[in-house]
Amino acid sequence: MSSVSSLSSGSSPGEQASSPGEPFLAVVEALPEPSPVSEAPDDAPSPVPARTAPAATPPSPSPVAPVASAVVKGRIKVADEVVEKVAALATLEVTGVAELGADAARAVEPMRERAGVARRGPRGVNAHVQDRTAAVDVTIVAEYGHVVMDVANEVKTNVARTISRMLGMRVVEVNVDVADVRMPGETGSEAPAQPGSDA
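For any residue, its number in this note's numbering is found by taking its place in the sequence shown, counting from 1, and adding 11.
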């Protein structure tokens, strides 16, 4: 609702000015609209106006750092020889392993080299990699005095754990062949004399 009152010098509201030269003033007042009143019980608590949270200032933009886990197109290929080397080092970490391979493997290696099919990986370890899984065959010489089955089981565990941790591959199997047992202090070059060899 609004009320309009016109005032001129000496005139009352509702009257117009008598002459055109006299000033005319119109005042418009806005009256508040009546709000609907709902009946509330006398014992009901009066509504409390909700507090508004102070306007939060937006955080200042920070420089964007490159995300390490961002997916970038491309492929990663880990050569079988890398898996074999990691497996060989993991095998030699195990207490009770004298060395990798066996005397028979050492005897065959020079012939393979002459034939041009020499192994590029460590002797006594073969790895078969497909996608992100690996299967490893390890041939060891155990030290005398250690429980051979415990040594072989520790080799399996350590090889699988190390390949998984270092290369991110799932190891599906580790086969351990114990080819020989060696006395402590005995080296691989101290192989027993072959029958019929000249001394």
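Glycine included, each C-beta is placed from N, C-alpha and C at the ideal position. Small disclaimer: the values here were computed from a predicted structure and weren't measured.
Straight-line gap, residue i to residue j (C-alpha atoms, nearest Å)
i      : j      : result
Arg193 : Tyr155 : 5 Å
Asp191 : Arg172 : 25 Å
Ala129 : Lys84  : At Ala129 the pLDDT is 49, less than 50, meaning the model places this residue with poor confidence and gives no usable figure here.
His157 : Asp142 : 36 Å
Arg134 : Ala113 : 9 Å
Asn164 : Val170 : 10 Å
Thr168 : Glu197 : 26 Å
Ala202 : Pro195 : In this predicted model, Ala202 has a pLDDT of only 47, less than 50, meaning its place in the structure is not dependable enough to derive any value.
Val159 : Val82  : 45 Å
Nearest neighbour of residue i, chosen from the options [CA to CA]
i      : options                           : result
Val162 : Thr102, Arg134 and Ala98          : Thr102
Val185 : Asp148, Leu100 and Ala81          : Asp148
Ala99  : Met180, Ile174 and Gly196         : Ile174
Ile87  : Pro195, Met180, Thr150 and Val170 : Met180
Distance CB(residue i)-CB(residue j) smaller than 9 Å
i      : j      : result
Thr144 : Val183 : yes
Val89  : Leu111 : no
Met177 : Val108 : no
Expected contact under 8 Å - CB spacing of residue i and residue j to nearest Å
i      : j      : result
Asp188 : Val140 : That pair is no contact at about 20 Å.
Val105 : Val152 : Between Val152 and Val105 the Cβ distance is about 12 Å, and since that is not below 8 Å, they are no contact.
Ala138 : Glu95  : 5 Å
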